[in-house]
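For any residue, its number in my numbering is found by taking its place in the sequence shown, counting from 1, and adding 7. Note that CB positions come from ideal geometry on N, CA and C, so glycine has one too.
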Amino acid sequence: MDVEAIRAQLKKYNQDHLLKFWEKLNDAEKEELTSELIDLDLAETNSYFERAVESAKNHHKILDERIQPIASEACGVYNESSFETLDNYEAVGLKEISEGKVAVVLMAGGQGTRLGVLYPKGMYDVQLPSHKTLFQIQAERIQRLESMAEEKHGKRGAIL
8 MDVEAIRAQL KKYNQDHLLK FWEKLNDAEK EELTSELIDL DLAETNSYFE RAVESAKNHH
68 KILDERIQPI ASEACGVYNE SSFETLDNYE AVGLKEISEG KVAVVLMAGG QGTRLGVLYP
128 KGMYDVQLPS HKTLFQIQAE RIQRLESMAE EKHGKRGAIL
């Protein structure tokens with residue numbers, strides 16, 4: 008596909024700025040960028056973006072009215088719970104995981120600028136012997152829970 012055809016396709020989706028520095032690229036860089044641009048599904052990407060914008064406009068008010076704090080009786084404290092209660096929590100949790108009914112929201116805590124890095128703190132090497140990042144440790148724990156749920160219930164659910 009020649010650059011003008013790519014430019015026309017990008018312009019159709021208001022993304023022609025992606026070729027702003029085309030003339031400054033060498034042949035290898037142009038080839039790599041061309042390959043990446045050909046692989047883009049701009050119709051799908053724009054569709055996702057438009058739905059996200061529309062959702063943000065219309066639904067935040069509705070959600071604000073529906074979101075309430077979790078009732079205190081629905082929360083437990085680990086060191087104040089009986090072994091029976093903890094076993095029940097584990098059993099229910101693993102069953103829900105095996106059925107794909109569990110999601111994780113991982114809060115990164117912002118950029119690591121005070122640590123002297125330009126990436127999220129969760130990607131920072133905190134000098135563990137393994138040199139794993141906090142994100143990697145969390146991802147491995149999530150994978151382990153998925154495996155435990157599969158071992159116990161015979162089906163592999165995914166934590167989203």
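In the DSSP assignment, THR140 is bridged to ASP132. Between the C-alpha atoms of SER42 and ILE77 there is a straight-line separation of about 49 Å. Excluding sequence positions up to five before and after LEU25, its CB lies within less than 7 Å of the CB of LEU17, LEU44, all in the same chain and listed in chain order. As a beta-bridge residue in DSSP terms, GLN118 pairs with PRO127.
Straight through space, the alpha carbons of GLU80 and THR52 are spaced by roughly 43 Å. When ARG163, VAL84, GLN145 are compared, the shortest CA-CA separation from ALA115 is found for GLN145. Your pair ALA98 and ILE166 does not check out as a contact, with CB atoms roughly 17 Å apart and the cut at 8 Å. For GLY164, the three-state secondary structure derived from DSSP is coil. In this structure ALA156 is buried. Its beta-carbon is surrounded by 16 or more other beta-carbon atoms within 10 angstroms. With fewer than 16 other beta carbons inside 10 angstroms of its own, ILE74 counts as exposed. The alpha-carbon separation between ASN33 and TYR96 amounts to approximately 59 Å. In this chain, the alpha helix (DSSP H) harbouring SER42 covers 34-46. Sixteen is the threshold: since fewer than 16 other Cβ atoms of the shown chains lie within 10 Å of the Cβ of SER154, the residue is exposed.
Taking each of ARG121, GLY123, GLN143 in turn and checking the Cα distance to GLY129, the smallest one comes out for GLN143.
Annotation: the continuous alpha helix (DSSP H) that includes ILE104 extends over 90-105. Under the 10 Å beta carbon count, LEU101 is surrounded by 16 or more other beta carbons and is classified as buried. Taking the Cβ atoms as the reference, LEU40 lies roughly 13 Å from GLN22, outside the contact range of under 8 Å.
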